[in-house]
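Numbering-wise (this note's numbering), the sequence shown opens with residue 273 and increments by one. Each residue gets a CB set at the ideal place from its N, CA and C atoms; glycine is no exception. Quick caveat: nothing in here was measured; it's all calculated off a predicted structure. Take a look at the structure set out below.
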Amino acid sequence: MKRLPQQLAIAALALLLLIAAGVYALSLLFTDLCGNTVVAEAVSPDQRLKAVVFQRDCGAATGFSTQVSVIGAQDALPNASGSVFSADSNRGAVPASAAGGPVVQVRWVSGSALVITHHAGARVFTQKDSVSGVAVAYEQVPDR
273 MKRLPQQLAI
283 AALALLLLIA
293 AGVYALSLLF
303 TDLCGNTVVA
313 EAVSPDQRLK
323 AVVFQRDCGA
333 ATGFSTQVSV
343 IGAQDALPNA
353 SGSVFSADSN
363 RGAVPASAAG
373 GPVVQVRWVS
383 GSALVITHHA
393 GARVFTQKDS
403 VSGVAVAYEQ
413 VPDR
């Protein structure tokens, strides 16, 4: 009689471990369903950094977005959201680039100053004023 509660406790613990392992395995499989496609890169005048313009696609349920990250000049773009800027075409209100998201351009003014140009009607999600010691300014292209 004494063995039954002990066996049930062991079985419950084994079940909990199995569930935890399954949740962990699923989290590894589905950690990042998004993908980045590089559209353009601009290296800073001092060759230390680069601004990368890329399209981020997170599957059929979401639209394409254009994003910008500032990373080391020799670094590869991580599979992550943009560190400086992100916007989409505002449900088709602005023209989309060939890659799917709105057109975004980057231009280095100096080794510590970057200008990002985007359509005025784009829906902006992220717009930082500085990153990695770089001051970021924004210009908008008006509707035509």
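Practice problem: Classify Leu289 as helix, strand or coil using the three-state DSSP reduction. | Solution: Residue 289 sits at position 17 when you count from the first residue of the sequence shown. If DSSP states are grouped into helix, strand and coil, Leu289 belongs with the helices.
Exercise. Return helix, strand or coil for Arg379, following the three-state DSSP convention.
Key: Translated into positions along the sequence shown, residue 379 becomes position 107. Arg379: strand per DSSP, three-state reduction.
Practice problem: Taking only runs that begin and end inside the region 313 to 373, name each unbroken alpha helix (DSSP H) of 4 or more residues, in chain order. | Solution: none
Practice problem: Could you name the residues of the same chain whose beta carbon sits closer than 7 Å to that of Ser404, not counting the 5 residues immediately before and after it, in chain order? | Solution: Your numbering for residue 404 matches position 132 in the sequence shown. Excluding residues within five positions, the ones whose Cβ falls inside 7 Å are Leu321 and Val342.
Exercise. Please list, in chain order, all residues of the same chain as Gln377 whose beta carbon is under 6 Å from its beta carbon, the five residues on each side excluded.
Key: For this step, residue 377 is matched to residue 105 along the sequence shown. Excluding positions up to five away in sequence, the list reads Thr389.
Exercise. With DSSP as the reference, label Phe283 as helix, strand or coil.
Key: Locating residue 283 in the sequence shown gives position 11, where the first residue counts as 1. First, the amino acid is wrong: residue 283 is Ala here, not Phe. Reduced to three states, the DSSP call for Ala283 is helix.
Quiz prompt | Beta-bridge pairing of Ala392 - partner residues as DSSP gives them | solution = Counted from its first residue, the sequence shown places residue 392 at position 120. Looking at the DSSP assignment, Ala392 forms no beta bridge with any residue, so it has no partner.
Self-check item: Anticipated Cβ contact below 8 Å, Val396 with Ala359, distance rounded
Solution: Looking up residue 396 in the sequence shown gives position 124. Looking up residue 359 in the sequence shown gives position 87. Between Ala359 and Val396 the Cβ distance is about 5 Å, and since that is below 8 Å, they are a contact.
Quiz item: Taking the alpha-carbon positions, what's the Thr309 to Ser369 distance?
Solution: By 1-based counting over the sequence shown, the position of residue 309 is 37. By 1-based counting over the sequence shown, the position of residue 369 is 97. Their Cα atoms are separated by approximately 12 Å.
Exercise. Please state if the CB of Ala323 and the CB of Val356 are separated by a distance shorter than 9 Å.
Key: Start at 1 with the first residue of the sequence shown, and residue 356 comes out as number 84. Start at 1 with the first residue of the sequence shown, and residue 323 comes out as number 51. Against a cut-off of 9 Å, the Cβ pair of Ala323 and Val356 comes out as a contact.
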